[in-house]
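2 protein chains.
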Amino acid sequence: MANLDSVLACLDLNLDRALGRLTELLKIPSISTDPAYAADCRRAAEYLAGDLDAIGFDASVRDTDGHPMVVAHHDGPSGAPHVLFYGHYDVQPVDPLELWESPPFEPTIREMPDGTKRIVARGSADDKGQLMTFIEACRAYKAETGGLPCKVTIFLEGEEESGSPSLNPFLDANRAELLADVALVCDTNMWDRHTPAISTGLRGLVGEEVTIKAASRDLHSGYFGGAAQNPIRVLAKILADIHDDDGRVTIPGFYDGVDELPDDVRAIWDSLNFSETDFLGQVGLSVPAGEKGRSVLEQVWARPTAEFNGISGGYTGEGFKTVIAAEAFAKVSFRLVFRQDPARIRAAFREFVTSRLPADCAAEFAPHGGSPAIQLPFDSPWLEKARGALSEEWPNPAVMISMGGSIPVVGEFKDRLGMESLLIGFGCGDDRIHSPNEKYEMTSFHKGQRSWARVLAALGGAAG
Amino acid sequence: MANLDSVLACLDLNLDRALGRLTELLKIPSISTDPAYAADCRRAAEYLAGDLDAIGFDASVRDTDGHPMVVAHHDGPSGAPHVLFYGHYDVQPVDPLELWESPPFEPTIREMPDGTKRIVARGSADDKGQLMTFIEACRAYKAETGGLPCKVTIFLEGEEESGSPSLNPFLDANRAELLADVALVCDTNMWDRHTPAISTGLRGLVGEEVTIKAASRDLHSGYFGGAAQNPIRVLAKILADIHDDDGRVTIPGFYDGVDELPDDVRAIWDSLNFSETDFLGQVGLSVPAGEKGRSVLEQVWARPTAEFNGISGGYTGEGFKTVIAAEAFAKVSFRLVFRQDPARIRAAFREFVTSRLPADCAAEFAPHGGSPAIQLPFDSPWLEKARGALSEEWPNPAVMISMGGSIPVVGEFKDRLGMESLLIGFGCGDDRIHSPNEKYEMTSFHKGQRSWARVLAALGGAAG
Numbered sequence: 001m002a003n004l005d006s007v008l009a010c011l012d013l014n015l016d017r018a019l020g021r022l023t024e025l026l027k028i029p030s031i032s033t034d035p036a037y038a039a040d041c042r043r044a045a046e047y048l049a050g051d052l053d054a055i056g057f058d059a060s061v062r063d064t065d066g067h068p069m070v071v072a073h074h075d076g077p078s079g080a081p082h083v084l085f086y087g088h089y090d091v092q093p094v095d096p097l098e099l100w101e102s103p104p105f106e107p108t109i110r111e112m113p114d115g116t117k118r119i120v121a122r123g124s125a126d127d128k129g130q131l132m133t134f135i136e137a138c139r140a141y142k143a144e145t146g147g148l149p150c151k152v153t154i155f156l157e158g159e160e161e162s163g164s165p166s167l168n169p170f171l172d173a174n175r176a177e178l179l180a181d182v183a184l185v186c187d188t189n190m191w192d193r194h195t196p197a198i199s200t201g202l203r204g205l206v207g208e209e210v211t212i213k214a215a216s217r218d219l220h221s222g223y224f225g226g227a228a229q230n231p232i233r234v235l236a237k238i239l240a241d242i243h244d245d246d247g248r249v250t251i252p253g254f255y256d257g258v259d260e261l262p263d264d265v266r267a268i269w270d271s272l273n274f275s276e277t278d279f280l281g282q283v284g285l286s287v288p289a290g291e292k293g294r295s296v297l298e299q300v301w302a303r304p305t306a307e308f309n310g311i312s313g314g315y316t317g318e319g320f321k322t323v324i325a326a327e328a329f330a331k332v333s334f335r336l337v338f339r340q341d342p343a344r345i346r347a348a349f350r351e352f353v354t355s356r357l358p359a360d361c362a363a364e365f366a367p368h369g370g371s372p373a374i375q376l377p378f379d380s381p382w383l384e385k386a387r388g389a390l391s392e393e394w395p396n397p398a399v400m401i402s403m404g405g406s407i408p409v410v411g412e413f414k415d416r417l418g419m420e421s422l423l424i425g426f427g428c429g430d431d432r433i434h435s436p437n438e439k440y441e442m443t444s445f446h447k448g449q450r451s452w453a454r455v456l457a458a459l460g461g462a463a464g
Numbered sequence: 001m002a003n004l005d006s007v008l009a010c011l012d013l014n015l016d017r018a019l020g021r022l023t024e025l026l027k028i029p030s031i032s033t034d035p036a037y038a039a040d041c042r043r044a045a046e047y048l049a050g051d052l053d054a055i056g057f058d059a060s061v062r063d064t065d066g067h068p069m070v071v072a073h074h075d076g077p078s079g080a081p082h083v084l085f086y087g088h089y090d091v092q093p094v095d096p097l098e099l100w101e102s103p104p105f106e107p108t109i110r111e112m113p114d115g116t117k118r119i120v121a122r123g124s125a126d127d128k129g130q131l132m133t134f135i136e137a138c139r140a141y142k143a144e145t146g147g148l149p150c151k152v153t154i155f156l157e158g159e160e161e162s163g164s165p166s167l168n169p170f171l172d173a174n175r176a177e178l179l180a181d182v183a184l185v186c187d188t189n190m191w192d193r194h195t196p197a198i199s200t201g202l203r204g205l206v207g208e209e210v211t212i213k214a215a216s217r218d219l220h221s222g223y224f225g226g227a228a229q230n231p232i233r234v235l236a237k238i239l240a241d242i243h244d245d246d247g248r249v250t251i252p253g254f255y256d257g258v259d260e261l262p263d264d265v266r267a268i269w270d271s272l273n274f275s276e277t278d279f280l281g282q283v284g285l286s287v288p289a290g291e292k293g294r295s296v297l298e299q300v301w302a303r304p305t306a307e308f309n310g311i312s313g314g315y316t317g318e319g320f321k322t323v324i325a326a327e328a329f330a331k332v333s334f335r336l337v338f339r340q341d342p343a344r345i346r347a348a349f350r351e352f353v354t355s356r357l358p359a360d361c362a363a364e365f366a367p368h369g370g371s372p373a374i375q376l377p378f379d380s381p382w383l384e385k386a387r388g389a390l391s392e393e394w395p396n397p398a399v400m401i402s403m404g405g406s407i408p409v410v411g412e413f414k415d416r417l418g419m420e421s422l423l424i425g426f427g428c429g430d431d432r433i434h435s436p437n438e439k440y441e442m443t444s445f446h447k448g449q450r451s452w453a454r455v456l457a458a459l460g461g462a463a464g
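From first to last, the protein sequence lines are chains A and B.
Using the UniProt record's numbering, you'd call the opening residue of the first sequence number 1 and step up by one each time.
Using the UniProt record's numbering, you'd call the opening residue of the second sequence number 1 and step up by one each time.
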């Protein structure tokens, strides 16, 4: 344990330097979904590969058809396990820009009235701050001991926020290089500020963009209004039909493969003392809006959803324009649970839309990613060791939770490489990821590094 | 008639010069609804006042709280009637810009396969090309005869496309100066390319922008999806509720004041041999989308509508963002007929929306203009003289029609000045006003000038 203690001390001593490195990374606007930022994505990959090289990894930037991957290898002690660390260097778009209190790519340290500090920037929590906790732990291990307690491969993606189109081809083409004993995925939250969490359940995701088209051009609503189909009206009607009055999704077959929550899992969740009032209250809401008769935890962890993530059509600028648009579109996503099949959900949605089209209207669809839900085994030895290590670092022992969000890479690691993942992250529920003023707690950044040092030591010790 | 013949010959001879003047006016991007173009609106007003001064009018640019008005006076023969000509120099926005085949403010003459020519530019038909037909007729009259056959006041507005906020205060403040025996309004269409029309009925308009708000910020659809209200979903549901399956508007009280079409008007419309197939077919449609059991002419001339002119919320850029938006908005307009009351319709819509809001949601409203429907008397002596003059110019005699669009100034002339209007315009149904590639037929521009010379002569002769 002397080694680990000196590593932890090293992390404490070098927090400001680590913060400086994170700041450099956060300044790069690596928005993967917008082609205008392709060069910035590459720059972020090169920055990370350079940093990993400096630590002593054998790091490389690997081209794909989209944004590049970063892959870096470091040996471990003979007989020690091989871990694959996964994170992503790309970030979400920043709009609406006017709601940011400081520019999204000028990282700002803000001290709160209670004395805590936070790092405010796009990507601070999702996922640059998180992935740097692992890299800093490795750096300190190398500095203090000259090596790492496990064989470590670091694998950083640049398309996580845009459907990961290059991920599967890359995993397939580099299977031997990436296969490890267990994957460590750092893109999730703690249970609360004092309680670390390992996420063992994840909802899946299907994204669809649907465009409704009617007339061959925009029309004047005076001349044609009353006689011409209005794509906004058609789209609104179809979207409105997707939920019934009890909040259930009406698409035929949507609930195929959706199980009721097992009693043992329900018992674990009941023990978490989750406050629905606090969860909704933090964002100005008070009444659960999902399926009637389900708890909020069920609604966000164990029930599927249909959400409308964007909609646009007609004149949306200042003032008014009496136009009937030629087309309108919506971005729709489905969160999946248990055994729901992404391909079947996508097909059922498309059939639902096309079967509702009135005369003279057409629908076009564009897919945006698809992944099934994930459930990790509760009895994994890796899970037990990581739980113990995390419980050492934080005031409360680590808990096992589920997640409403999707991390498709976990499913791909399992399907393509046969590799389980440990989902360990240090985000907080109020980090505003995907929203203006995204932040990462300084405590998350600092104790996250210390946590990874402990986890690496525990996993490495497993081989001894 | 010798005078009129020489005026008509002068118009024929100077068509190219007239086209040059229209081109100068069309180059000015006088988009009234967007504050970025305020200086251009003023420039258009100053251009027109300068041109009218050059003809011999006493012209001035008159400031308002918004865009300026142009008012110009010219005396007529003793005992001749006084006519007020109305047009508007402002234009609609140009988006979607990428659909224009030539830049909207670089007027282009396009020759069609059948040998006809058209002027392509934003505002060519609505309303710069139209208002210039009258100014050119005055110019030729002055050049050939040294005077005008009527006393003429020209009144040009710069806010017609943005709800005319300054119109009523200006009319009230300048009542004595603007009051004439009859108003001539040039902002309407012919019945077809060979048949001039005088519009005697106009639908009214109420515009509303509604914004639905839920959470205090944008949310991640993984963390909150299923538990949080989604404003796009709430908005879509409310919009979908506005029409029933028969295309009728469900807002309580909406049809108060809506009469069935009188038999004599229905007889006139039946005689027009209107082709529903051609009307819808020109914009790629085939099936009337309005109230079931109503003809297309009824749907667009004599029935009220609710149309959704714009909608926006959440992420609408390239790619995908799994966000639940904090708010979403729609621009909604209602076309009114007969005795529907704009204020009551607006209030009923707002009540309809607020009564449907679920918990944690709020609605905000912004009004965009409101005017009742108009019906002009069929037995006016001005109408008879104008019909005769128009029938002289065109292959077919003039017909009396209604219009689906709204021209609020006609109601204000009646209510505030006690003045009837003759709505005479030379637009065509396929002019794409408010749409990309707006055009004005060269025939409309040329024979429109000749028509006004004939109408002025006929109205002036009325005093003889």
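Note that beta-carbon positions come from the ideal geometry of N, C-alpha and C, so glycine has one too.
Given the structure is predicted, the values throughout are model-derived calculations rather than measurements.
Smallest Cα separation from residue i: which of the options?
i	options	result
E98(B)	R217(A), Q375(A) and D431(A)	R217(A)
A398(A)	D192(A), T108(A) and Y89(A)	D192(A)
G369(A)	D259(A), S406(A), G226(A) and S286(A)	S406(A)
D65(B)	D53(B), A125(B), P35(B) and R233(B)	P35(B)
T322(A)	A325(B), K331(B) and T322(B)	K331(B)
I433(A)	D264(B), I324(B), W100(B) and S102(B)	I324(B)
Within the 7 Å Cβ cut-off, does residue i reach chain A?
i	result
N230(B)	yes
R248(B)	no
A463(B)	With a pLDDT of only 36 at A463(B), under the threshold of 50, the placement of this residue in the model should not be trusted, and no figure is reported.
S102(B)	no
S199(B)	no
S391(B)	no
How about residue i: is its C-beta nearer than 7 Å to some C-beta of chain B?
i	result
F308(A)	yes
Q299(A)	yes
K128(A)	no
G226(A)	yes
Q237(A)	It is worth fixing the name first, because residue 237(A) is Lys in this sequence and not Gln. Chain B, which has a Cβ nearer than 7 Å to the Cβ of K237(A), makes this yes.
T33(A)	yes
Buried or exposed for residue i, please, with buried defined as at least 16 other CB atoms from any protein chain shown within 10 angstroms of its CB.
i	result
G464(A)	Low confidence applies here, because G464(A) scores a pLDDT of 34, under 50, leaving its location unreliable and the question unanswered by this model.
I232(B)	buried
F155(B)	buried
T250(A)	exposed
K447(A)	buried
D278(B)	exposed
R339(A)	exposed
Examine the ligand FMN and report whether any of its heavy atoms sits within less than 6 Å of the Cβ of residue i.
i	result
R335(A)	As far as ligands go, the structure on display features none, and thus does not contain the ligand FMN.
Since residue i meets chain C, which of its residues come closer than 7 Å, beta carbon to beta carbon?
i	result
I433(B)	Absent from the structure: chain C. Protein chains present are A and B.
Sequence ranges, alpha helix (DSSP H) only - wholly within the segment 117–163 of chain A, length at least 4: Whole alpha helix (DSSP H) segments, 4+ residues: 129–145.
Those runs of the alpha helix (DSSP H) which lie wholly inside the segment 390–445 of chain A and span at least 4 residues: Counting only runs of 4 or more, we get 408–417.
Contact residues within the segment 208–219 of chain A, judged by C-beta distance below 8 Å to chain B: Answer set for the segment 208–219 of chain A: E209, A214, A215, S216, R217, D218 and L219.
Runs of alpha helix (DSSP H) lying entirely within the segment 337–384 of chain A, each at least 4 residues, in chain order: You should have 342–354.
In chain order, each beta strand (DSSP E) run of at least 3 residues that lies wholly inside the segment 305–337 of chain B: The beta strand (DSSP E) runs of length 3 or more contained entirely in the segment 305–337 of chain B are, from start to end of the chain, 305–314 and 327–336.
Proximal residues, the segment 309–337 of chain A versus chain B, C-beta separation under 9 Å: Of all residues in the segment 309–337 of chain A, N309, G310, I311, S312, G313, G314, Y315, T316, G317, E318, G319, F320, K321, T322, V323, I324, A325, A326, A328, F329, A330, K331, S333 and R335 have a Cβ within less than 9 Å of some Cβ in chain B.
Residues of the segment 352–368 of chain A whose Cβ lies closer than 8 Å to any Cβ of chain B, in chain order: For the segment 352–368 of chain A, which is checked against every Cβ of chain B, the residues closer than 8 Å are P358, A359, D360 and H368.
Chain-ordered residues of the segment 266–294 of chain A with a beta carbon less than 7 Å from chain B: Of all residues in the segment 266–294 of chain A, the ones placed with a Cβ closer than 7 Å to any Cβ belonging to chain B are L280, V283, G284, L285, S286, V287, P288, A289 and G290, in chain order.
Any alpha helix (DSSP H) of 4 or more consecutive residues that is wholly inside the segment 12–61 of chain A: For the segment 12–61 of chain A, whole alpha helix (DSSP H) runs of length 4 or above, ordered along the chain, are 15–26 and 38–55.
Ordered list of alpha helix (DSSP H) runs contained in the segment 232–293 of chain A, each at least 4 residues: Here the runs fully enclosed are 263–270 and 276–281.
Proximal residues, the segment 40–71 of chain A versus chain B, C-beta separation under 9 Å: Along the segment 40–71 of chain A, there is no position whose C-beta sits under 9 Å from a C-beta of chain B.
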